[in-house]
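Note sheet for the following structure.
Numbering (my numbering), first residue to last: 137 to 377.
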């Protein structure tokens with residue numbers, strides 16, 4: 137009887153230790169960080185948050201580095217934990233997001249997800265933008281003698297929406313798809329978190345069930361032994377003694 141009580145006490149202590157450890161694991165899991173980055177042309181969009189569904193605070197600094205540690209730039213998250221960065225090189229982009237309380241999220245966008253001629257495109261876009269700005273200022277100065285800072289850039293009003301290059305069309309499609317996929321990614325992350333928590337609770341319940349079954353089996357064996365003729369005869373002998 138004493139041995140059975142010792143075993144039962146040991147089992148209860150083991151279960152209590154497991155439950156406490158599991159609860160601590162669940163709390164730690166609730167504070168795990170998660171996020172993702174994806175490219176739409178040369179524009180890199182991403183989001184950062186916690187596995188419990190909370191997103192990164194607005195204004196959280198996002199540091200972007202190359203593989204060798206060279207700083208490529210930085211940006212900040214908005215109120216939804218969303219951030220945007222314009223890539224200028226076709227290289228791996230490493231995003232380091234310090235979400236406070238020791239939670240640091242590291243994300244990587246591989247170079248092959250960026251356009252191959254990214255550097256050439258960036259240089260050409262910068263050159264075109266500078267030429268348009270210069271032409272706009274020159275035209276406004278010649279017509280009025282003053283610089284109109286609020287005049288639109290040259291060529292914007294004359295843009296024909298029916299004439300779109302394949303690259304621009306692809307970028308528009310990618311942007312539309314990204315807008316639709318974003319809430320799906322958030323729902324998937326929330327579902328994974330919920331499923332993980334349910335699995336842990338299910339495992340705890342399964343262990344409790346096995347322990348209860350073992351205790352019931354021991355009690356049943358003890359009851360059979362107590363009701364057996366040999367056990368009753370031994371009890372009678374002890375009583376006579």
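Every residue gets a Cβ at the ideal spot worked out from N, C-alpha and C, and that includes glycine. No experiment lies behind these values; they were computed from the predicted model shown.
Q. Which partner residues of residue 191 appear in the DSSP bridge assignment?
A. Walking along the chain shown from the start, residue 191 turns up at place 55. Residue 191 is bridged to 185.
Q) For residue 183, is the classification buried or exposed, using 16 other Cβ atoms within 10 angstroms of its Cβ as the cut-off for buried? A) Residue numbering aside, residue 183 sits at position 47 when the chain shown is read from its first letter. It is buried - the Cβ of residue 183 has at least 16 other Cβ atoms within 10 Å.
Q.
Please report the distance separating the alpha-carbon of residue 171 from that of residue 339.
A. Residue 171 sits at position 35 when you count from the first residue of the chain shown. Residue 339 sits at position 203 when you count from the first residue of the chain shown. Straight-line Cα distance between these residues: approximately 27 angstroms.
Q) Does the distance from the C-beta atom of residue 239 to that of residue 200 stay below 8 angstroms? A) As a working mapping, residue 239 is identified with position 103 in the chain shown. As a working mapping, residue 200 is identified with position 64 in the chain shown. Not in contact: residue 239 and residue 200 (Cβ atoms no closer than 8 angstroms).
(Q) Taking the alpha-carbon of residue 204 as reference, which of 179, 174, 227 and 351 has the nearest alpha-carbon? (A) On the chain shown, residue 204 is found 68 positions in, with the first residue counted as 1. Nearest to residue 204 by alpha-carbon distance, out of 179, 174, 227 and 351, is 227.
**Q.** Selection from 206, 302, 202 and 215 that minimises the alpha carbon distance to residue 246
**A.** Here residue 246 refers to the residue found at position 110 of the chain shown. Of 206, 302, 202 and 215, the residue nearest in Cα terms is 202.
Q: Return helix, strand or coil for residue 284, following the three-state DSSP convention.
A: Against the chain shown, residue 284 aligns to sequence position 148. Residue placement at residue 284 is flagged as unreliable, the pLDDT there being 47, under the threshold of 50; the coordinate-derived value follows with that caveat. Three-state result, residue 284: coil.
(Q) If I measure Cβ to Cβ from residue 346 and keep anything under 6 angstroms in the same chain, skipping five residues before and after, which residues do I get? (A) By one-based count along the chain shown, residue 346 stands at place 210. Excluding sequence neighbours, residue 346 sits near nothing in its chain.
Q. In this structure, does DSSP put residue 236 in helix, strand or coil?
A. The residue given as residue 236 occupies position 100 in the chain shown. Reduced to three states, the DSSP call for residue 236 is coil.
(Q) From the DSSP secondary-structure annotation, give me the bridge partner or partners of residue 196. (A) Translated into positions along the chain shown, residue 196 becomes position 60. DSSP output for residue 196 lists no bridge partner at all.
Q. Within 10 angstroms of its Cβ, does residue 178 collect 16 or more other Cβ (buried), or is it exposed?
A. By one-based count along the chain shown, residue 178 stands at place 42. Burial call: buried.
Q: Rounded to whole angstroms, what's the CA-CA distance from residue 350 to residue 359? Just pull it up for me.
A: Stepping through the chain shown from its first residue, residue 350 is reached at position 214. Stepping through the chain shown from its first residue, residue 359 is reached at position 223. For residue 350 and residue 359, the distance between alpha carbons rounds to 14 angstroms.
Q: Taking residue 187 as the reference, give the member of 174, 195 and 169 with the closest Cα.
A: Here residue 187 is taken as the residue at index 51 of the chain shown, counted from 1. Closest option to residue 187, Cα to Cα, is 169.
Q.
On a Cα-Cα basis, can you pick out the residue from 249, 196, 222 and 214 that is closest to residue 232?
A. Numbered from 1 along the chain shown, position 96 holds the residue referred to as residue 232. Checked all of 249, 196, 222 and 214; the closest Cα to residue 232 is 196.
(Q) Please classify residue 217 as buried or exposed, where buried requires at least 16 other C-beta atoms within 10 Å of its C-beta. (A) Taking the chain shown and counting its residues from 1, the one referred to as residue 217 is at position 81. By the 10 Å Cβ count, residue 217 comes out buried.
Q) In or out: residue 244 buried (at least 16 other Cβ within 10 Å) or exposed? A) Position 108 of the chain shown, counted from the start, is the residue given in the question as residue 244. Counting Cβ neighbours within 10 Å, residue 244 comes out exposed, since fewer than 16 surround it.
Q | Residue interval of the beta strand (DSSP E) (run including residue 211) | A | Here the question's residue 211 lines up with position 75 in the chain shown. 207–212 is the extent of the beta strand (DSSP E) around residue 211.
Q: Give the secondary structure of residue 171 by DSSP, where H, G and I count as helix, E and B as strand, and everything else as coil.
A: In the chain shown, residue 171 corresponds to position 35, counting from 1. Strand at residue 171.
Q | First through last residue of the beta strand (DSSP E) which encompasses residue 249 | A | Counting from one through the chain shown, the residue named residue 249 turns up at place 113. Residue 249 -> no beta strand (DSSP E), and no H or E assigned at all.
Q.
So for residue 227, helix, strand or coil by DSSP?
A. The residue labelled residue 227 in the question sits at position 91 within the chain shown. Residue 227 falls in the coil class under three-state DSSP.
Q) Buried or exposed: residue 250, going by 16 or more other Cβ atoms within 10 Å of its Cβ? A) Here residue 250 corresponds to residue number 114 of the chain shown, with the count starting at 1. Residue 250 is buried by the Cβ-count criterion.
**Q.** Reduced DSSP secondary structure (H/G/I, E/B, other) of residue 215
**A.** In the chain shown, the residue the question calls residue 215 occupies position 79. If DSSP states are grouped into helix, strand and coil, residue 215 belongs with coil.
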